[in-house]
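Colleague: The structure that follows is given in the form of structure tokens.
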Amino acid sequence: MLERKQLKGRMQVTFVLPADSPDGPVSVVGDFNNWNPAAHPLQARGDGMRAATVVLPTHSSHSFRYLATGNHWFDDDQADAHDGSNGRVNT
């Protein structure tokens, strides 16, 4: 799930997954962090979810995926679009 908050000239995007699915650590990786799994690991929230937040320029589009333990890559079904194997987030 994607959550958005408009900032001046930028968009705060929070990538959200259930705390227990999939098991183990998960990171959001994309062209906004050079596909670096260490850049944005999802952290537990008080609502039973886990999330990572990035700030992106408005009027832009970015590819992303999630990377879980065991080199398990997966997409966000609620992404704005998909371009082959990647989800897309539009700001």
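In numbering that gives the first Met the number 0, the protein residues as written are 0 to 90. Glycine residues also receive a C-beta, built at the ideal position from the N, C-alpha and C atoms.
(1) In angstroms, rounded to a whole number, what distance separates the CA positions of THR52 and GLY69?
(2) With respect to the beta strand (DSSP E) encompassing ARG64, which residues constitute its N-terminal and C-terminal limits?
(3) What number of angstroms, rounded off, separates the C-alpha of ASP76 from the C-alpha of PHE14?
(4) Any idea what DSSP makes of ASN33, helix, strand or coil?
(5) Based on the DSSP secondary-structure assignment, which residues constitute the bridge partners of ASP82?
Modeller: According to the structure data:
(1) For this step, residue 52 is matched to residue 53 along the sequence shown. For this step, residue 69 is matched to residue 70 along the sequence shown. Our two residues, THR52 and GLY69, have alpha carbons roughly 23 Å apart in a direct line.
(2) Indexing the sequence shown from 1 puts residue 64 at position 65. It spans 60-67 - the beta strand (DSSP E) in which ARG64 sits, taken as one unbroken run.
(3) To locate residue 76, count along the sequence shown from 1; it is residue 77. To locate residue 14, count along the sequence shown from 1; it is residue 15. Rounded to whole angstroms, ASP76 to PHE14 spans 12 Å at the Cα level.
(4) Counting from 1 along the sequence shown, the entry for residue 33 is found at position 34. Residue state, collapsed to three classes: coil.
(5) The residue labelled residue 82 in the question sits at position 83 within the sequence shown. Answer by DSSP bridge pairing, in chain order: ASN85.
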